[in-house]
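Q: Numbering-wise, the sequence shown is residues 1 to 258 according to UniProt numbering. Ideal Cβ placement from N, Cα and C applies to all residues, glycine included.
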Amino acid sequence: MVDKALNRLSLETCMGLLMILAVALLATVGVTKLREGSLGGKDTKAVSSGAAQSGEDAKAAADPSQTVIAVDAGHGGDDPGKVGINSALEKDVNLAIAHKLKDYLTEKGIKVVMTRETQEGLYEAGAANKKQQDMKKRCELIDASGAAFTVSIHQNSYTSESVHGPQVFYYTHSTEGEAIASCIQESLNTVLEVDRAREMKANDTYYLLKKTKSPTVIVECGFLSNSEEASKLITEEYQSKVAQAVGEGVLKALEGRK
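1. Please classify Lys108 as buried or exposed, where buried requires at least 16 neighbouring CB atoms within 10 angstroms.
2. Alpha carbons only, please: which of Leu224, Thr150, Ala181 is nearest the one belonging to Thr159?
3. So, does the CB of Val151 fall closer than 8 Å to a CB anywhere in chain C?
4. Whose C-beta lies closer than 6 Å to the C-beta of Lys137 among residues of the same chain, with five residues either side of it excluded?
5. Helix, strand or coil: which one does DSSP assign to Asp134?
6. Which partner residues does Met114 have in the DSSP bridge list?
7. Could you spell out the range, first to last residue, of the beta strand (DSSP E) harbouring Glu220?
8. Taking its Cβ as the centre, do 16 or more other Cβ atoms sit within 10 Å of Lys91, making it buried, or is it exposed?
9. Going by beta carbon distance, what residues of the same chain come within less than 6 Å of Glu56, once the five residues before and after it are set aside?
10. Do Val168 and Met135 have their C-beta atoms within less than 8 Å of each other?
11. Can you say whether Gly81 is buried or exposed, counting buried as having 16 or more other CB atoms within 10 angstroms of its CB?
12. Excluding the five sequence neighbours on either side, which residues of its own chain have a C-beta within less than 7 Å of the C-beta of Thr67, listed in chain order?
13. Can you find the residues in the same chain that come closer than 6 Å, C-beta to C-beta, to Gln239, ignoring five residues on each side of it along the sequence?
14. Are Asn73 and Arg116 close, meaning C-beta to C-beta below 8 Å?
15. Name the one or two DSSP bridge partners that Thr79 has.
16. Specify, as a first and last residue, the run of the beta strand (DSSP E) that Ile85 falls within.
If you want it as C-alpha cells, here you go:
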C-alpha cells in the first residue's frame, strides 16, 4: 500500500517536473522568436532604408547633366556700347535684359552662366587694350562653362531714326548657329509683335561669333536710335518681354537639338 502510494507520488512528481520543463522550454523559444523578430524588424527596416537611399543615389546619378546656356551682356565698364537717342547706355540695357533672361531660363530648369553680372568690364584696370582683353575673357568664360550655345545680348543703332526691330546674328559658317538664330528671331518677331519683321543675318567678322568653341548668336534687341524703341528698352516691363521672347527661342532651339 505504501509502495503504491510512493510510486504514484513519484509518477506525479515526474509529470510535474516534465510540465515545468515544457513550459520553460516554450517560454524560452517564444522569447527567442520575439527577440529575433524584433531584431529582424530593425534589420529589415535598415536594409529597406539603405535600399531606398541607394535607389535615390542611383536615380540622381542616372539623371543627365543639366543643360548649360551662356548669356553674355555686351560691353560694360569703360565701354558703354551704343548711346541711345534718350541717352540710355547700351551696356546698362544689355545687363538688365541678360539678368531677366537668366531668371527666365533658370525657372525652366536651364543652368545659366553669365559672362558679366555687374557693370564692370572683363579687363584689368591697367590693360593696354581693354577691349581686346575683354573679348578674350568672354570667350574663355564661355568655353569653360561647357555651354550648349551662347546668347550675347546687344542693342542696335543706325543713322536713320526710323529703322527699328530686333535682329539676330549668327556665324556664317555655323549651321547650328543658324538654326539657333532662326528660333530666336522667330520668337522675337512673334512675342514683340514686330510690324516689320527683320530677318536673321549671317556674319563672319564679329569676334564672339568666330572665337567661341560652341555656337554663339548675337541678339540685337532693338534700336536705341529709334525714339519709340529706345523709350521701351529702358523699362522693366519691355525688358522682361524681350527676355521672355529670347528665352522661348532658346528653349525651342534646345528642343530642336534633341
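A: According to the data block:
1. Result: exposed.
2. Leu224
3. Structure shown: chain C not included; a single protein chain is present.
4. Leu122
5. helix
6. Val71
7. 216–223
8. buried
9. For Glu56, the predicted model reports a pLDDT of 40, less than 50, meaning its position is unreliable; a value from the coordinates is still stated below. No residues qualify anywhere along the chain.
10. no
11. By the neighbour-count rule (16 or more Cβ atoms within 10 Å), Gly81 is buried.
12. Setting aside the 5 residues that flank it on each side, Thr67 is surrounded in the same chain by Ile110, Lys111, Ala148, Leu254, each with a C-beta closer than 7 Å to its C-beta; the list follows chain order.
13. Ala96, Ile97, Lys100
14. Sequence inspection shows Ala at residue 73; the Asn mentioned does not correspond to that position. It is a contact, given that the beta carbons lie within the stated cut-off.
15. Per the sequence presented here, residue 79 reads as Asp, with Thr not at that position. The partner list for Asp79 (beta bridge, DSSP) reads Gly76.
16. Segment: none, Ile85 is in no beta strand (DSSP E) and carries neither H nor E.
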